[in-house]
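Here the sequence shown stands for residues 0 to 515, where the numbers follow numbering that gives the first Met the number 0.
Every residue gets a Cβ at the ideal spot worked out from N, C-alpha and C, and that includes glycine.
Written out below as structure tokens is the structure these notes cover.
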Amino acid sequence: MAVPTCIRFFYLTICAIQIVWSQALDTDPYFPNSPHAAVQFGPKTKEEIQSESDNKSEEPLWPDGVGPKSKWGMAQEILDEGRDPNTLPSTVRKFDKPLILWWYPGLFPHQDYTTIECSVGQCRTTNNRHHLQDPKTRGVILYGTDFAIEDLPLPRLPQHEWALIHEESPMNNHMLTHYPLLRQFNHTATFRRESDFPLTSQNIYSLDYLTEKQPVPTDIKNALKAKDDLAPIVYIASHCDISSDRDRYVLELMNHIDVDSIGSCIHNKDIPLQWRDPVESMEADLFLKHIASYKFHLAFENAICDDYMTEKLYRSLHVGSVPIYRGSQLAKDYMPNNHSIIMADDFASPKDLAEFIKKLDSDDAAYETYLEYKTKGITNQYMKNDVKNRKWEKFGANEKSMFSSFECHVCDKLVERMAEEAEHKEDPSYPAPKPHFAESSHLSCPQPYTSIGNPDDYEEDVDPWMKMGWIEDYWNGLDKALAIRDMLDAKEKDPTTYHKYWEKVLDRQSNRKIEL
């Protein structure tokens, strides 16, 4: 049963107060049993140090029976291979290679259990879940769309660092956008630029991708519009009534200007049959040629969140059809220049947007200013730097893929941390490594909302978007996030017991409702 918004607001307010107060006290309300809690890695007392010294004169830096029979772990292995140890960063010379476990086998970017070489050091990596409780396992990589409360990598041992990669739509898994769960991750790679390993520019395949294809000349676009009875605007969507409520906006826009909808949603214009499979044909030459004939392209995202920008936006730039965009409010930061996109939310209503498009459609000179990046090049230095400096490609091979690159990012962080732990263990005066957790800005997204008016304006049992239950799904995500937090705090070993934690969360909310 959905909980009223006022109750949730009250609950979130209490959580926020708890976070601020706990930060003042240097504690962690959401993850007191963190694998990196300061209390676990803080300086040892003199008594503890003396006791360890009495019991073992030279304690190895890995569990018995694990790793090479050398105190120097990886460095010794590399010496055995004939490599010069002076070429190694000092941080990688005192411990064995950490093991990274990919929790979902289908995303494993290797053929088999293997060793990867990264900037700071080496790691072993596998997709065999039997290694979860292996003493060498330090990192667990989880994929956002597949992340499920009933399939958590439990037990979470003290040394486990969770790494999240989530480049897909936030609507795929709303619980990850909520801070109580997001904070359980130590490393993040998401579409948000604030994440540890940002994937914001993932759909800008290259800078050349935006400029290499010259647009259909405007006079020819005008002629094709008359000859082939094309609308000035094309809309392509195969997922209907989704989180962003884009179909409602498009339907209203159609009342004021012609729009050719060639996808399955609000379909009003047929295209050749072979183009109708979006997976197979969206990048086909004939399909790209067809949409390039349109002067404007409705690029409406399936979810509204900062920095969530998909291929539909960049495809329109690629072919030279001016994008009319609704999605990330920060999209201009990733445009070729400051005059290449029309933001739908800059207009008070679909009617106002339609009036603007009609004027632009009738003024070729004004229209062509939106395509100047095709001839004058990209002038947005922020975007250019992002694309040029990234060390990955969305469809890159081997170590150049964004999955392999994130794996190396995680590996380097694990190696650095283990080096700091080793230094601290040998010399307690050396600072213990500080904990690192995801911030809300790494993925947090707002509640889904109607694109026109308020949700209260529509009947739940009648309106197609309301019937999909996007608002309830978003807040159910918070319930699950809180349940997972409680499972981890309780050191739960069996993820299939999640129901009892979920029920306790709902009971707490119910009790607050009664109190109010």
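Item, Value
"Whole-number beta carbon distance between Thr114 and Arg123, since they are thought to touch under 8 Å", "5 Å"
"Endpoints, the beta strand (DSSP E) within which Gly476 is located", "Not the beta strand (DSSP E): Gly476 falls in the alpha helix (DSSP H), residues 469-488."
"Anticipated Cβ contact below 8 Å, His317 with Leu175, distance rounded", "In fact, because the Cβ distance is near 30 Å, the residues do not count as touching under 8 Å."
"Assigned exposure category for Gln132 - 16 Cβ within 10 Å defines buried", "exposed"
"Best match in Glu415, Thr449, Asn475, Ser440 for proximity to Arg247 [C-alpha to C-alpha]", "Thr449"
"Start and end residues, alpha helix (DSSP H) containing Glu422", "401-425"
"Residue from Ser263, Gly138, Phe299, Lys357 whose Cα sits closest to the Cα of Asp244", "Phe299"
"Coil, strand or helix - Thr44 by DSSP", "Bear in mind that the predicted position of Thr44 carries a pLDDT of just 40, short of 50, making it unreliable; the figure below should be weighed with that in mind. Residue state, collapsed to three classes: coil."
"Cβ-based neighbour list, Asp363, same chain, cut-off 7 Å, excluding 5 preceding and 5 following", "Thr217"
"Span separating the alpha-carbon of Cys407 from that of His296", "38 Å"
"C-alpha gap between Arg484 and His159, whole angstroms", "15 Å"
"Any 3 or more C-beta pairs closer than 8 Å across the stretch 259-273 and the stretch 376-392", "no"
"Closest by C-alpha distance to Lys375, when choosing among Glu166, Gln213, Trp102", "Gln213"
"Strand pairing of Thr187, partner residues [DSSP]", "Leu163"
"Alpha carbon of Glu167 to alpha carbon of Asn337, nearest angstrom", "26 Å"
"Beta-carbon proximity check, Pro169 vs Ala302, cutoff 7 Å", "yes"
"Stretch pair the stretch 133-142 + the stretch 95-114: three plus CB contacts closer than 8 Å", "yes"
"DSSP-derived helix/strand/coil call for Asp579", "The structure shown has nothing for residue 579, since the chain only spans 0 to 515."
"Among Gln508, Ser443, His441, Met465, nearest to Gly452 - alpha-carbon criterion", "Met465"
"Between the CA atoms of Ser404 and Leu11 - distance to the nearest angstrom", "Note that Leu11 scores a pLDDT of 44, beneath 50, so its modelled location is shaky and nothing firm can be said."
"Reduced DSSP secondary structure (H/G/I, E/B, other) of Met342", "strand"
"Residues that Glu116 bridges to, as DSSP identifies them", "Gln121"
"CA-to-CA distance, Asp145 to Asp411, given in whole angstroms", "25 Å"
"Opposing strand residues paired with Tyr381 [DSSP bridges]", "BP columns for Tyr381 are empty, so no partner."
"Distance, Asp493 Cα to Pro154 Cα", "7 Å"
"Under the three-state DSSP convention, the category Val461 falls into", "coil"
"C-alpha distance - Leu87 paired with Cys117, whole-angstrom precision", "Bear in mind that a pLDDT of 46 at Leu87, under 50, signals an unreliable position, so the model cannot answer this."
"Expected contact under 8 Å - CB spacing of Pro349 and Leu505 to nearest Å", "Pro349 to Leu505, Cβ: 39 Å. No contact."
"DSSP beta-bridge partners of Trp101", "Ile140"
"Any beta strand (DSSP E) of 3 or more consecutive residues that is wholly inside the stretch 174-222", "186-189"
"Cβ separation of Asp240 and Met417, assumed to be a contact under 8 Å, to the nearest whole Å", "About 48 Å separates the two Cβ atoms, so there is no contact after all."
"Beta-carbon separation (whole angstroms), Leu352 vs Ala365, contact threshold 8 Å", "Actually they do not touch by this definition, with Cβ atoms about 16 Å apart."
"Selected residue, minimal CA-CA separation from Ala164, among Arg182, Ala147, Phe196, Pro179", "Per the sequence shown, residue 164 should be read as Ile rather than Ala. Closest by alpha carbon: Phe196."
"Val409 beta carbon less than 7 Å from that of Trp369", "In the sequence under discussion, the amino acid at residue 369 is Tyr, which differs from the Trp named in the question. For Tyr369 and Val409, no; Cβs fall outside 7 Å."
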